[in-house]
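>
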Amino acid sequence: MMILKTQGLTKTYGQHIAVNHINLEIAKGSFTAILGPNGAGKSSTIQMLIGLLQPDSGSVHYAQEIKIGVVFQNSVLDEMLTVKENLQIRARQYKEVAPEKVEELIEQLGLTNFSHQQYGSLSGGQKRRVDIARALLNNPDILFLDEPTTGLDIQTREAIWDLLNLLQEKQKMTVVLTTHYLDEADSADQVYIVDHGHIIAEGTADHIKKKYAKNILKLQAGNVDPLLDYLRDDSLIEKVNEGEIILKPETAQSALDIINDCRDLIDNFEFRSGTMDDAFIALTGREVR
Ligand SMILES: Nc1ncnc2c1ncn2[C@@H]1O[C@H](COP(=O)(O)OP(=O)(O)OP(=O)(O)O)[C@@H](O)[C@H]1O
1358 MMILKTQGLT KTYGQHIAVN HINLEIAKGS FTAILGPNGA GKSSTIQMLI GLLQPDSGSV
1418 HYAQEIKIGV VFQNSVLDEM LTVKENLQIR ARQYKEVAPE KVEELIEQLG LTNFSHQQYG
1478 SLSGGQKRRV DIARALLNNP DILFLDEPTT GLDIQTREAI WDLLNLLQEK QKMTVVLTTH
1538 YLDEADSADQ VYIVDHGHII AEGTADHIKK KYAKNILKLQ AGNVDPLLDY LRDDSLIEKV
1598 NEGEIILKPE TAQSALDIIN DCRDLIDNFE FRSGTMDDAF IALTGREVR
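What follows is the structure in structure tokens.
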């Protein structure tokens, strides 16, 4: 079931079209990543989804009355207050938040060890957890996060993803986040790649990689001529270098078949599955900025 749908969502700043006819469909309980380089239009899109920014044209439809939670790019919490004080003050802003909710979230999000520490003194990853706790105070049906992992190291990024995956699975929460880290797409159910305000690819990470990122198989031999003779009709050949033939097999299995067939003619081989970076380069002709 769709919880959220946009049609032709468009936002222009002066002459600049930041978001250009974006159509999104977010399924209830799914994990959606909006992926794109800096300035692609991700924040503007999220802001229109949550009603903070008025689109110039197009529309946002929610399937039903739902509660939303938002983790903004810049924290809205008070640096001088402790984690717990921040959450308590925020909790009072909602009518329906149960008194024990703050304690529950502190436990659930792993904030116990630093709940009496000033928010301003926390590490980037700790701050992000508190920001997420703050966004969960009203038990949202859908949680939006604008670049929650930017600036964090890889382990902390993974920990944030684990936490969000857990929320999605355990509480059937719908999660929508933006990121410019292409490798994070792998953990999402649905990925939209945005560039210059347009959606340039959508689907699962696997689907996008399969469609746009080619696998690479390098076969190495002192003399490549016999190998070339053997592969002559093989339309998979991408390039022939000194001592090396580069092929682009459809699947890892077909790479294995080729390696097996040619085993007597090669000295060495290298296989690499297509990555999200490869897909991005294939789609845009450049690396992510
Ligand atoms: N208030 C504004 N006035 C003018 N231009 C803006 C405004 N907000 C955003 N832009 C421009 O619109 C484009 C999209 O910005 P947006 O912040 O939506 O991108 P983003 O993908 O979220 O980028 P980032 O990852 O850097 O946050 C950028 O070129 C940006 O400079």
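Residues 1358 to 1646 (the working numbering) are what the sequence shown spells out, left to right.
Ideal placement from N, C-alpha and C gives every residue a C-beta, glycine not left out.
#1: Tell me the rounded alpha-carbon separation between GLU1595 and ALA1420.
#2: Based on Cα-Cα distance, which residue from HIS1564, GLY1560 and ASP1586 lies nearest to GLU1607?
#3: Report all residues from its chain with a CB closer than 8 Å to the CB of ASP1552; omit the five preceding and five following residues, and keep chain order.
#4: Quick one: does the C-beta of GLY1508 sit closer than 7 Å to a heavy atom of ligand 1?
#5: Going by DSSP, what residue range makes up the beta strand (DSSP E) through SER1478?
#6: Identify the continuous alpha helix (DSSP H) that holds GLU1461 and give its terminal residues.
#7: Would LEU1524 pass as a contact of PHE1637 if the rule is Cβ separation under 8 Å?
#8: If ASP1413 and THR1367 are in contact, beta carbons under 8 Å, what's the gap, nearest whole angstrom?
#9: Per the DSSP calculation, ASN1625 is bridged to which residue(s)?
#10: Candidates ASP1614, VAL1433, LYS1424 and GLN1512: which alpha carbon is nearest LEU1487's?
#11: Given 7 Å as the limit, tell me if TYR1370 has its C-beta closer than that to any heavy atom belonging to ligand 1.
#12: Count the other CB atoms within 10 Å of the CB of GLU1504; is the residue buried (16 or more) or exposed (fewer)?
#13: Nearest by alpha-carbon distance to GLU1382: which of THR1369, HIS1418 and GLN1450 is it?
#14: Counting C-beta neighbours from all protein chains within 10 Å, is the total for ASN1497 16 or more, i.e. buried, or is it exposed?
#15: Could you give the residue range of the beta strand (DSSP E) that holds THR1536?
#16: Does the beta-carbon of THR1536 have 16 or more other beta-carbons within 10 angstroms, so that it is buried, or is it exposed?
#17: Have a look at TYR1451 and ALA1375 and give me their C-alpha separation to the nearest angstrom.
#18: To which residues of the same chain is LYS1424 closer than 6 Å at the C-beta, ignoring the five residues directly before and after it?
#19: Nearest-angstrom Cα distance between ASN1443 and ALA1609?
#20: Can you give me the Cβ contacts of PHE1471 inside the same chain, cut-off strictly under 7 Å, excluding the 5 residues immediately before and after it?
From the atom records:
#1: Cα-Cα distance, rounded: 48 Å.
#2: Closest by alpha carbon: HIS1564.
#3: Excluding sequence positions up to five before and after ASP1552, its CB lies within less than 8 Å of the CB of GLY1393, PRO1394, ALA1397, LEU1640 and THR1641, all in the same chain and listed in chain order.
#4: GLY1508 Cβ: outside cutoff for every heavy atom of ligand 1.
#5: Per DSSP, SER1478 belongs to no beta strand (DSSP E) and is neither H nor E.
#6: Where GLU1461 is concerned, the enclosing alpha helix (DSSP H) stretches over 1458–1465.
#7: Taking 8 Å as the Cβ cut-off, LEU1524 and PHE1637 do not qualify as a contacting pair.
#8: Contact holds; Cβ gap of about 5 Å.
#9: In the DSSP assignment, ASN1625 forms a beta bridge with GLN1577.
#10: Inspection of the sequence shows that residue 1487 is occupied by Val rather than by Leu. The residue from ASP1614, VAL1433, LYS1424 and GLN1512 with its alpha-carbon nearest to that of VAL1487 is VAL1433.
#11: Checking the Cβ of TYR1370 against ligand 1 gives yes.
#12: Buried, because 16 or more other Cβ atoms sit within 10 Å of the Cβ of GLU1504.
#13: Residue HIS1418 is the option with its Cα nearest to GLU1382.
#14: Correcting the residue type first, residue 1497 is Pro in the shown sequence and not Asn. Sixteen is the threshold: when 16 or more other Cβ atoms of the shown chains lie within 10 Å of the Cβ of PRO1497, as they do, the residue is buried.
#15: First-last of the beta strand (DSSP E) with THR1536: 1531–1536.
#16: Burial of THR1536 is indicated by the presence of at least 16 other C-beta atoms within 10 angstroms of its C-beta.
#17: Cα to Cα, TYR1451 sits roughly 33 Å from ALA1375.
#18: Its chain contains ASN1495, PRO1497 and ASP1498 as the residues whose beta carbon lies nearer than 6 Å to that of LYS1424, once the 5 sequence neighbours on both sides are disregarded; these appear in chain order.
#19: The straight-line gap from Cα to Cα measures roughly 51 Å.
#20: So the qualifying residues of the chain are VAL1440, LEU1479 and GLN1483.
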